[in-house]
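Colleague: For the sequence shown, the numbering used here gives the first residue as 854, with consecutive numbering after it.
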Amino acid sequence: MYKFENIVGNENILSSLIKSSENNTVSHAYILDGKEKTGKQLISKTFAKLLLCENSKSSPCLKCSSCVSFESGNNPDFFFIESNKKSLGVSDIRENIIKNLETKPFKYKYKVFIIKNADSMTIQAQNAILKTIEEPPKFAVFILLSKNYNGFLPTILSRCILFKIKPLSPKIIEKFLINKNISDNIAKFYSVYARGSIGKALDIAYSKTFISFRQDIISDIEKLDNLDLIQMYSLIKKYENIKENIDQILDIYLLVYRDSLIFKQTNNFDKVIQKDIKICIENISCMTTKNLVLKIEALLKAKLYLEQNSNFNMTMECLFLKLKEK
Ligand SMILES: [Zn+2]
């Protein structure tokens, strides 16, 4: 259900969107920029629903014909544009947007267009949409969703109101999960793996496989010390085969070393997040503090390199040689 009450965090963005609706200062074009699963669609669709609502300018009433048809995916004045190709081309923009601007809204005040992965528009597509953003019909509102707003032409950026969605704090995510009836202790370490994203937190919380996946990675960590080089390379190969999860895998490593460091410093489990793997934490905490810190640094570096698309095998090789160092 698209309503503001379902959105966690991002209060500043919500309040300026709502204000613009209440004060009739809605802009023709917005960019909502943020990492994957940080709520871009939820926020933009709820705002679209508000703009089209017949009864309220502050919060979708959920009852009018617009709100009802929006929820069922049949609102005639709402357009969600996504492409299953790598990039959005001129023809996508012409077919889905420019054509629909020739006629007035069917029923409501606006025609609202949300473009998913808008930063994947080709230069030609961006130029095509630029013309409409520069001289839009009164009723048109565009909301461009992006993961990296630097992918937009400066001319597009200068015409749009840019909102950057920030990752949420683990505390907020933890509270959200507890409200969803997930036990306190589990919510705490899920909130760390979620890395600021409610969407990721929910994926993990409702995944049937995450618990066994995590257990498997933790047993890899436990064996790390005794691996010879051949075994090390086969471990890297194993991770290469599930490369799409590497960020999560390295997060599991990080949290184990983090907990071990905390245990080493405090000599008790109070501040340790993963109380379910006490023996593993105790064993790893036998390393020197310096060594633990070096390993955490190596993991953070590897995560950064992989995010920047560095060579997978080389990055992992360097990482695992460091993790194996005694
Ligand atoms: Zn309504």
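A virtual CB, placed ideally from N, CA and C, is assigned to each residue, including glycine.
1) Applying the 10 Å Cβ sphere with the 16-neighbour rule, what's the burial state of residue 1027?
2) Less than 8 Å between the C-beta atoms of residue 900 and residue 957, yes or no?
3) Could you tell me how far apart the beta carbons of residue 881 and residue 994 are, in whole angstroms, since I believe they sit closer than 8 Å?
4) Under 6 Å Cβ to Cβ from residue 1040, same chain only, skipping five residues before and after it: list those, please.
5) Quick check on DSSP: helix, strand or coil for residue 857?
6) Which one or two residues does DSSP pair with residue 886 in a beta bridge?
7) Cβ of residue 913 versus every heavy atom of ligand 1: is any distance shorter than 7 Å?
8) Helix, strand or coil: how does DSSP classify residue 1077 here?
9) For residue 975, which residues from the same chain have a beta carbon less than 6 Å from its beta carbon, with the 5 sequence-adjacent residues on both sides left out?
10) According to the neighbour-count rule (16 or more other Cβ atoms, all chains shown, within 10 Å of its Cβ), is residue 1072 buried or exposed?
11) If you measure between the beta carbons of residue 896 and residue 885, is that distance less than 8 Å?
12) Residue 910 by DSSP, collapsed to three states: which one?
13) Taking the straight line between their C-alpha atoms, what separation do you get for residue 1124 and residue 1115?
14) Out of 1017, 1102 and 925, state which residue places its alpha-carbon closest to the alpha-carbon of residue 889.
15) Using CA coordinates, which residue listed in 1066, 877 and 869 is at the minimum distance from residue 1105?
16) Measure from the alpha carbon of residue 909 to the alpha carbon of each residue in 856, 1176, 1179 and 972, then state which is nearest.
17) Within 10 Å of its beta-carbon, does residue 1002 have 16 or more other beta-carbons around it, so buried, or fewer, so exposed?
18) Could I get the ranges of all uninterrupted beta strand (DSSP E) runs contained in the segment 934–1014, with 3 residues as the minimum, in chain order?
19) Around the C-beta of residue 1050, are 16 or more other C-beta atoms found within 10 angstroms, so that it is buried, or is it exposed?
20) Would the C-beta of residue 928 count as close to ligand 3, meaning under 7 Å from any of its heavy atoms?
21) Identify whether residue 1122 lies in helix, strand or coil by the three-state DSSP scheme.
22) With a threshold of 7 Å, establish whether the CB of residue 937 neighbours any heavy atom of ligand 1.
Modeller: Straight from the coordinates:
1) Here the question's residue 1027 lines up with position 174 in the sequence shown. Residue 1027 counts as buried, since no fewer than 16 other beta carbons sit within 10 angstroms of its beta carbon.
2) As a working note, residue 900 is residue 47 in the sequence shown. As a working note, residue 957 is residue 104 in the sequence shown. No, Cβ-Cβ distance for residue 900 and residue 957 is not below 8 Å.
3) Position 28 of the sequence shown holds residue 881. Position 141 of the sequence shown holds residue 994. Right, the Cβ-Cβ distance comes to about 6 Å (below 8 Å), so this counts as a contact.
4) The residue you call residue 1040 lines up with position 187 of the sequence shown. Excluding residues within five positions, the ones whose Cβ falls inside 6 Å are 1027, 1030 and 1031.
5) Taking the sequence shown and counting its residues from 1, one reaches residue 857 at position 4. Three-state DSSP puts residue 857 in a helix.
6) Position 33 of the sequence shown, counted from the start, is the residue given in the question as residue 886. BP columns for residue 886 point to 999 and 1017.
7) As a working note, residue 913 is residue 60 in the sequence shown. Yes, Cβ of residue 913 sits closer than 7 Å to a heavy atom of ligand 1.
8) Within the sequence shown, residue 1077 is the residue found at index 224, counting from 1. When DSSP states are grouped into helix, strand and coil, residue 1077 belongs to the helix group.
9) Residue numbering aside, residue 975 sits at position 122 when the sequence shown is read from its first letter. Within the same chain, residue 975 has close Cβ partners 940 and 942.
10) To locate residue 1072, count along the sequence shown from 1; it is residue 219. With fewer than 16 other Cβ atoms within 10 Å, it is exposed.
11) The count along the sequence shown starts at 1 and reaches residue 896 at position 43. The count along the sequence shown starts at 1 and reaches residue 885 at position 32. Going by C-beta atoms, residue 896 is nearer than 8 Å to residue 885.
12) By 1-based counting over the sequence shown, the position of residue 910 is 57. Correct three-state label for residue 910: coil.
13) Residue 1124 sits at position 271 when you count from the first residue of the sequence shown. Residue 1115 sits at position 262 when you count from the first residue of the sequence shown. Each residue's Cα considered, the two are about 7 Å apart.
14) Numbered from 1 along the sequence shown, position 36 holds the residue referred to as residue 889. Nearest of 1017, 1102 and 925 to residue 889, Cα basis: 1017.
15) Here residue 1105 refers to the residue found at position 252 when the sequence shown is read from its first residue. Selected option, being the one with the closest Cα: 1066.
16) Taking the sequence shown and counting its residues from 1, one reaches residue 909 at position 56. It is 856.
17) Stepping through the sequence shown from its first residue, residue 1002 is reached at position 149. Flag for residue 1002 reads buried.
18) 964–968 and 993–999
19) If you number the sequence shown from 1, residue 1050 lands on position 197. Classification of residue 1050: buried, given that the 10 Å Cβ count is 16 or more.
20) Among the ligands present in this structure, namely ligand 1, ligand 3 is not found.
21) On the sequence shown, position 269 is the one that residue 1122 refers to. The answer is coil: DSSP assigns residue 1122 none of H, G, I, E or B.
22) As a first step, residue 937 must be located in the sequence shown, where it is residue number 84. Result no, Cβ not under 7 Å from ligand 1.
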